[in-house]
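S.K.:
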Amino acid sequence: MVLKQKTNFRLILLFILFFCYSLHPATKLSLAFSQSLVDDWKQGRAVVFELNHGFSFKRDFKIDTLIFTPTFRYAIGVQYTNLTSQKVNYVVPTDNELFAEGLLKYPAGWVVDPFFSANFRTQLTESFAVVKGEKRATAKFWDPVVSMETFGFAHTISDSSKRHILTNRVGVSLKQTRAEYYTSMTDDPRTKERERWKSEAGLEWKTEATLRIEQNVRLSSTNEVFASLKRIKESTFRNTTELQVSLWKSLGIVVKVELMFDQRQKTGMQYRQSMRVGFNWEGL
């Protein structure tokens, strides 16, 4: 019953996202493909195929004197790898992230505007790490899921044409992490019991920047810092930087770099870097 409810929720959410895409040009849809085939004495025979898909929606709605900004974003891909010389053959999902946020802001006319936000972040499907040719499951949909509520102040600056936009948000946050089976982010190794839920208070600082370098070149970057008030060592950092270059109509190149620091997931800095050629659509 629980699995069925989660599956239905996932389908409904994806339907909402595609519906939003058809309504507003502020949405983005992308599809990228990469492939390589090698057969030589240095590497042996190797076949790698990867297909990636992404979606994002963000729009401001004015409600009386308030501004409500919903954000939906997901990224999912699949990678097929066949290493004949090592007798390794596997298919794993890539990117694999779902994020949603609701932001309510009051334009008070001050230097900064008060805001309240609530968001969650999880995986679209089961994730795997490949260790010595063997797949090891690390997470799945809603396991774990991280949610956060923040109250604070926001400040936005931009040029007259809004080609360049910088937004800073600072506030007090309550962060919750829930897990069912993959409890590396919730379990405390100092206790005998296996904890599946964790709550912590802290300070959040989020920066979003968009720079239109040329008509066909856009650079965007997001920084997120959560500083735990109880255990400063468990503070987290996330950076996503994306350079998008349009070559011809919807065809373009996307260079993306993601940096993550969360000691509950892995000691040291985590990173993902990719350069993909594919199609990017904005609205209909």
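All you need for this note's numbering is the position in the sequence shown, starting with 1, plus 1140.
Beta carbons are placed, not taken as given, at the ideal position from N, Cα and C, and that holds for glycine.
1. If you reduce the DSSP assignment to three classes, tell me which class SER1225 lands in.
2. My output table needs one value for LYS1373: the three-state DSSP class, helix, strand or coil.
3. Can you give the beta carbon distance from PHE1208 to PHE1201, rounded, assuming they're within the 8 Å contact cut?
4. For the candidate residues ALA1319, ARG1412, VAL1417, GLN1410, whose alpha-carbon lies nearest to that of LYS1280?
5. Suppose you measure from the CA of LEU1306 to the CA of PHE1293; what does that come to, to the nearest Å?
6. On the criterion of 16 or more Cβ atoms from any shown chain inside 10 Å, does GLN1145 qualify as buried, or is it exposed?
7. Going by the beta-carbon positions, is the gap between THR1380 and GLU1398 smaller than 8 Å?
8. Would you check if the distance between the CB atom of MET1288 and the CB atom of LYS1315 is smaller than 8 Å?
9. Kindly identify the DSSP beta-bridge partner or partners of PHE1419.
10. State the start and end residues of the unbroken beta strand (DSSP E) segment that holds ASP1253.
11. Under 6 Å Cβ to Cβ from THR1350, same chain only, skipping five residues before and after it: list those, please.
12. Please report how far the alpha carbon of GLU1266 lies from the alpha carbon of ASP1235, in whole angstroms.
13. Could you tell me the alpha carbon to alpha carbon distance between TYR1161 and GLU1190, rounded to whole angstroms?
14. So does the segment 1340 to 1354 actually touch the segment 1321 to 1332, counting three or more Cβ pairs closer than 8 Å?
15. Determine the direct distance from the alpha carbon of MET1400 to that of ILE1130, and round the result to whole angstroms.
16. Taking the beta strand (DSSP E) that SER1339 belongs to, which residues open and close that run?
17. Applying the criterion that 16 or more other CB atoms from any shown protein chain within 10 Å of the CB defines a buried residue, is ARG1371 buried or exposed?
18. Use the C-beta contact count for LEU1163: other C-beta atoms within 10 angstroms, 16 or more gives buried, fewer gives exposed.
19. Have a look at GLY1311, ALA1277, GLU1335, GLY1418 and flag the residue whose alpha-carbon is nearest the alpha-carbon of TRP1388.
20. Decide if ASN1420 is buried, meaning its Cβ has at least 16 other Cβ atoms within 10 Å, or exposed.
21. Between LEU1223 and the rest of its own chain, which residues show a CB-CB distance below 6 Å, the 5 nearest in sequence each way excluded?
22. What residues in its chain sit with their C-beta under 6 Å from that of THR1290, if we drop five residues either side in the sequence?
23. Are THR1167 and GLU1382 closer than 8 Å when you measure CB to CB?
24. Per the DSSP calculation, ARG1199 is bridged to which residue(s)?
M.R.: Per the coordinate set shown:
1. helix
2. helix
3. So it is a contact: roughly 5 Å between Cβ atoms.
4. Proximity to LYS1280 across ALA1319, ARG1412, VAL1417, GLN1410 peaks at ALA1319, based on C-alpha coordinates.
5. 14 Å
6. Annotation note: pLDDT 48 at GLN1145 (below 50); position unreliable, coordinate value reported separately. So GLN1145 ends up on the exposed side.
7. Taking 8 Å as the cut-off, the Cβ atoms of THR1380 and GLU1398 count as close.
8. yes
9. Partner(s): LEU1171, LEU1391.
10. Note, ASP1253: beta strand (DSSP E), 1253 to 1262.
11. ILE1305, SER1360
12. Using only the alpha carbons, I get a separation of about 11 Å.
13. Below a pLDDT of 50, predicted positions are generally treated as unreliable, and TYR1161, at 48, falls in that range; the measurement from the model is reported next regardless. Taking the straight line from one Cα to the other gives about 24 Å.
14. no
15. With the chain represented from 1141 up to 1424, any question about residue 1130 goes unanswered, as that position is not in the structure.
16. 1337 to 1354
17. exposed
18. Only weak support exists for where LEU1163 lies, its pLDDT of 48 falling under 50; the value from the coordinates is given anyway. Label assigned to LEU1163: exposed.
19. GLY1418
20. buried
21. ALA1186
22. SER1257, GLY1311, SER1313, GLU1344
23. At the C-beta level, THR1167 and GLU1382 stay beyond 8 Å of one another.
24. None; ARG1199 has no bridge partner.
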